[in-house]
Amino acid sequence: MEEKKHTARRMIMLVCVLAIAVVYVVRLAEYQLVKGEQFVRQTTSQTQTTIPANAARGEIYDANGRPLVVNHIGYSVLFLRQYMTKDTQNQTILTLTTHLRENGETWNDSLPLVWEGQSQSEIAANSQPQIEFAEERDNDIEKLKRANELQGYATAQNCYDALVKKYEIDKIEGLTPSQVRDIMGVRYEMELKQFSYRNPFTFATDISEETMTYITENTLEIPGVSIQSEAVRTYESGEIAPHVIGTVGKLTADDYKKLKNEGYAYDDVIGKNGIELAMESQLRGQRGEKTLTLNELGKVVDNEITKAPQAGNTVFLTIDSRIQLAAQDALANIIDELRQTAAPGKGGDVKSGSAIVVDVKTGGVVAMANYPNYDIQDYINDYASLEAREDNPIFNRSTQGRFQPGSTMKPAVALAALQEGVITPNTTVYCSKVYTFYASSNYTPSCLGYHGTQTVTDALKNSCNYFFFDVGRLLTIDRMNEYQKRLGLGELTGIEIGEKQGILASRAYTESQGDIWYPGNTLQAAIGQLDNSFTPIELAMYAATIANNGNRYQAHLVREVKSYDLSQTVQPEQVNLLNTIGVDQQHIDTVKLGMYRAASEQGGNTWSYFKDFPIKIACKTGTAQTGGNEATVSPHTLFISFAPYEDPQYAVTVILENGANAPTYNSNIRVARAIYDALFLHEDSQQQITPENELLP
106 MEEKKHTARR MIMLVCVLAI AVVYVVRLAE YQLVKGEQFV RQTTSQTQTT IPANAARGEI
166 YDANGRPLVV NHIGYSVLFL RQYMTKDTQN QTILTLTTHL RENGETWNDS LPLVWEGQSQ
226 SEIAANSQPQ IEFAEERDND IEKLKRANEL QGYATAQNCY DALVKKYEID KIEGLTPSQV
286 RDIMGVRYEM ELKQFSYRNP FTFATDISEE TMTYITENTL EIPGVSIQSE AVRTYESGEI
346 APHVIGTVGK LTADDYKKLK NEGYAYDDVI GKNGIELAME SQLRGQRGEK TLTLNELGKV
406 VDNEITKAPQ AGNTVFLTID SRIQLAAQDA LANIIDELRQ TAAPGKGGDV KSGSAIVVDV
466 KTGGVVAMAN YPNYDIQDYI NDYASLEARE DNPIFNRSTQ GRFQPGSTMK PAVALAALQE
526 GVITPNTTVY CSKVYTFYAS SNYTPSCLGY HGTQTVTDAL KNSCNYFFFD VGRLLTIDRM
586 NEYQKRLGLG ELTGIEIGEK QGILASRAYT ESQGDIWYPG NTLQAAIGQL DNSFTPIELA
646 MYAATIANNG NRYQAHLVRE VKSYDLSQTV QPEQVNLLNT IGVDQQHIDT VKLGMYRAAS
706 EQGGNTWSYF KDFPIKIACK TGTAQTGGNE ATVSPHTLFI SFAPYEDPQY AVTVILENGA
766 NAPTYNSNIR VARAIYDALF LHEDSQQQIT PENELLP
């Protein structure tokens, strides 16, 4: 009986064991066969993170395919929030900054706190160095105080102490003042850039191979740090048209607020000025996504592009590098010569210059040279020094500077007078030097010489002020200005990069300045003085409009846009006719003849410079008084022109600020002659540049 009881118990236990086994088998089958993929995905998601994959920015080439801005593969250091804990981040930053400093490399740090003296040796030698605010960083300093809830009167030391406490830097013992500042600078930058799980922080860009190797081999000591390859901007020759090309930089907080809905990330690069800014929508690529797989130690073990980034488009400029360099060289050589050989008041005080070449058939800018010039790489590496220079090389005088046109305005006045019937090609005015029409009001302006009987072409050849005093008076300021506007004077040219609008002298403008308009003002306006003030690009397009028989085209710097691999044309050249000037062809021909005579006939003020030139030139010079002490302050000297005279292809304009009255005379014409040599005689500039469609060495 007892045996039966034991047997029954064994059977019950066996059934229970079997039941439990069945349950386990069923559950195991469910996990493996039914929910297996789900659990694999869950396991994978715990060791994977998705970060943005940067797209290559489009490149920039000149009109003939010579590279100006290209990309090379570089390496950036990223911080990943998922694997950088609160306890490790300060030590990680210390390790990285120490290594990069030892190797002469930099990292992203915009904290406006600096050590007095700033030299690392000075800081190390001083046990208690003085912290201070960086100069000319008022906005950044105020932002720093607000971010840390400090009063406006807080000192640099107050800010420093607040950051030490906020970022718990004092928990690391034995730090030097320099190391403390390095850690807080990076932590502050991480905060500004909104470091998060979805927004990795770019600690450093374009690091060396040695640093990349060091980080790769020491991932255990610096958790949360990743290396990412990306396209790095390279300027093949940073001195070629830097004002045109422009620069790129990280988004500011204000930029991000405006652009975050357009797909920009806080750490993105954006065009800041020049073509880089104007063509931002074409040059910027579209970010993709990259999935990183990390092991339990935080080391990246797999790297997969899950959404391919789309590279930006390539922009071809209308700029010809060879002509651009010829213009830059000519400006620099002539200005340097003036400063060395001429006295103040005689061109030796020359401040700056601009030389512009325009394709008259399209409005495309072939060259836009500024003096002083600069190197884009210097702008990137030491912007503060460039900005601090008195001669302000960063300023684009070609599109932003305004200068009185002087006698270069006379062709516009002549066109208006001919079309309005105030004069004919045969009308004569006798120049006796002193113009006496307003003598009763004690206003008797003078010409520069006794020219005698003058027709309009004579007056353009000889630059006779007397003739244009009389014509301007008969024409009146309102009718004069109507035609000048049609010619683009006092109007925007439409060029892609930023420009200022010129000023036309008028009764309304004079009165808006609190001055009184006198009848004699019209005489001064007719010879390009008074309030008339135009940018070099306006004057260049004005000359091109005359050359093009009254067709005024929009100025532009972009020839075309192609895909990154150059296989497709995304945007062809945009040639836009803004207006026609409404002047009969016979009158345009008369004015062009007068400009041609200035260069082709003995007695013309440019004849000696172009008498042996194989291409026929039409031109007009100008000298504009600046109102300074004539003994020490030279007038501006200007030159507008086009060639060939019979069928114009190019318009060339040159302006030297305070460069007139030099012993060598008309230095601006010498600049123009060097440019025409390069255009038509194919003489190379002093600098050597890359052959077409070949990369620079």
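Numbering (this note's numbering), first residue to last: 106 to 802. The beta carbon of each residue, even a glycine, is placed where N, CA and C say it ideally should be. These figures come from a predicted structure and were not determined experimentally.
Whole angstroms is fine: what's the gap from G209's alpha carbon to A432's?
Here the question's residue 209 lines up with position 104 in the sequence shown. Here the question's residue 432 lines up with position 327 in the sequence shown. Going by the C-alpha atoms only, they are around 37 angstroms apart.
Go through its chain and collect everything with a Cβ distance to A777's Cβ below 7 angstroms, but skip five positions before and after it.
Sequence index remark: in the sequence shown, residue 777 carries index 672 (1-based). Hits under 7 angstroms: F744, S746, V757 and V759.
Assign R702 to buried or exposed, taking buried as 16 or more other Cβ atoms, counted over all protein chains shown, within 10 Å of its Cβ.
Taking the sequence shown and counting its residues from 1, the one referred to as residue 702 is at position 597. Answer is buried; the Cβ neighbour count reaches 16.
With burial defined as no fewer than 16 other Cβ atoms inside 10 Å of the residue's Cβ, what is the status of H787: buried or exposed?
Sequence index remark: in the sequence shown, residue 787 carries index 682 (1-based). Of the residues assessed, H787 falls on the exposed side of the cut-off, its CB having fewer than 16 other CB atoms within 10 angstroms.
Quick check: the Cα distance between D184 and G376, rounded to an integer number of angstroms?
Residue 184 sits at position 79 when you count from the first residue of the sequence shown. Residue 376 sits at position 271 when you count from the first residue of the sequence shown. Correcting the residue identity first, residue 184 is Phe in this sequence and not Asp. Each residue's alpha carbon lies about 24 angstroms from the other.
For I327, collect the residues of the same chain with a Cβ closer than 7 angstroms to its Cβ; drop the 5 residues on either side in sequence, then sort them by chain order.
Numbered from its first residue, the sequence shown carries residue 327 at position 222. Once the five neighbours on either side are set aside, the close Cβ partners of I327 are T197, T200, L201 and I320.
Label H661 either buried or exposed according to how many other C-beta atoms from any shown protein chain fall within 10 Å of its C-beta, with 16 as the threshold for buried.
Numbered from its first residue, the sequence shown carries residue 661 at position 556. Buried.
Coil, strand or helix - Y293 by DSSP:
On the sequence shown, residue 293 is found 188 positions in, with the first residue counted as 1. Helix.
What span of residues does the beta strand (DSSP E) with S334 cover, start to end?
Residue mapping note: residue 334 aligns to position 229 of the sequence shown, counting from 1. Residues V330 to Y340.
When you compare the CB positions of Y265 and M289, do they come within less than 9 angstroms of one another, or not?
Numbered from its first residue, the sequence shown carries residue 265 at position 160. Numbered from its first residue, the sequence shown carries residue 289 at position 184. Contact: yes.
Taking L205 as the reference, give the member of E678, Q194 and D287 with the closest Cα.
As a first step, residue 205 is located in the sequence shown; it is residue number 100 there, counting from the start. For the residues E678, Q194 and D287, the minimum Cα distance to L205 belongs to D287.
Going by Cα to Cα distance, which pick from Y755, G557, G452 and D563 is closest to L698?
Translated into the one-based positions of the sequence shown, residue 698 becomes position 593. Of the listed residues, the one whose Cα sits closest to L698 is D563.
Inter-residue spacing [alpha-carbon to alpha-carbon] between H177 and I440:
Here residue 177 refers to the residue found at position 72 of the sequence shown. Here residue 440 refers to the residue found at position 335 of the sequence shown. Straight-line Cα distance between these residues: approximately 36 angstroms.
In this structure, how does DSSP classify F572 when only helix, strand and coil are distinguished?
The count along the sequence shown starts at 1 and reaches residue 572 at position 467. In the structure shown, F572 adopts helical secondary structure according to DSSP, grouped into three states.
Would you please verify whether the beta carbon of S386 is less than 9 angstroms from any beta carbon of chain C?
This model lacks chain C altogether, as it is built from one protein chain only.
First through last residue of the alpha helix (DSSP H) which encompasses V561:
Residue mapping note: residue 561 aligns to position 456 of the sequence shown, counting from 1. Counting along the chain, the alpha helix (DSSP H) containing V561 begins and ends at V561 to N567.
At the level of alpha carbons, what is the spacing between R292 and N195?
For the purposes of this step, residue 292 is taken as residue 187 along the sequence shown, with counting starting at 1. For the purposes of this step, residue 195 is taken as residue 90 along the sequence shown, with counting starting at 1. R292 and N195: Cα-Cα distance of roughly 8 angstroms.
Classify R494: buried if its beta carbon has 16 or more other beta carbons within 10 angstroms, exposed otherwise.
On the sequence shown, position 389 is the one that residue 494 refers to. By the 10 Å Cβ count, R494 comes out exposed.
R664 lies in the alpha helix (DSSP H); which residues open and close that run?
For the purposes of this step, residue 664 is taken as residue 559 along the sequence shown, with counting starting at 1. Careful: R664 lies outside any alpha helix (DSSP H), inside the beta strand (DSSP E) at V663 to K667.
Of the residues V471, R162 and S546, which one's Cα is nearest the Cα of G417?
The residue you call residue 417 lines up with position 312 of the sequence shown. Minimum Cα distance to G417 is reached at R162.
Tell me the rounded alpha-carbon separation between S150 and L325.
Mapped onto the sequence shown, residue 150 falls at position 45. Mapped onto the sequence shown, residue 325 falls at position 220. Note on S150: pLDDT 42, under 50, position unreliable in the model; the coordinate value appears next. Their Cα atoms are separated by approximately 21 angstroms.
First and last residue of the uninterrupted alpha helix (DSSP H) at H348:
Taking the sequence shown and counting its residues from 1, one reaches residue 348 at position 243. Residues P347 to I350.
Using only alpha-carbon positions, find the residue among A748, T640 and K538 that is nearest to G557.
Position 452 of the sequence shown, counted from the first residue, corresponds to residue 557. Among A748, T640 and K538, the Cα nearest to that of G557 belongs to K538.
On the CB-based measure, 16 or more other CB atoms within 10 Å of its CB, does E341 come out buried or exposed?
Looking up residue 341 in the sequence shown gives position 236. Buried, since its Cβ has 16 or more Cβ neighbours within 10 Å.
Could you check whether G727 and T446 sit closer than 9 angstroms to each other, using their CB atoms as the reference points?
The residue you call residue 446 lines up with position 341 of the sequence shown. The residue you call residue 727 lines up with position 622 of the sequence shown. It is not a contact, given that the beta carbons lie outside the stated cut-off.
Are there 16 or more other CB atoms within 10 angstroms of the CB of P719, so buried, or fewer, so exposed?
Stepping through the sequence shown from its first residue, residue 719 is reached at position 614. So P719 counts as exposed.
Identify every run of the beta strand (DSSP E) within the region 355 to 394, keeping only runs that are complete inside it and at least 3 residues long; order them along the chain.
374 to 376
So the candidates are V470, K515 and G554; which of them puts its Cα closest to the Cα of F421?
Looking up residue 421 in the sequence shown gives position 316. With distances taken between Cα atoms, F421 lies closest to V470.
What is the C-beta distance between A460 and A435, in whole angstroms, given that I count them as a contact (C-beta under 8 angstroms)?
Looking up residue 460 in the sequence shown gives position 355. Looking up residue 435 in the sequence shown gives position 330. Indeed they touch by this definition, with Cβ atoms about 7 angstroms apart.
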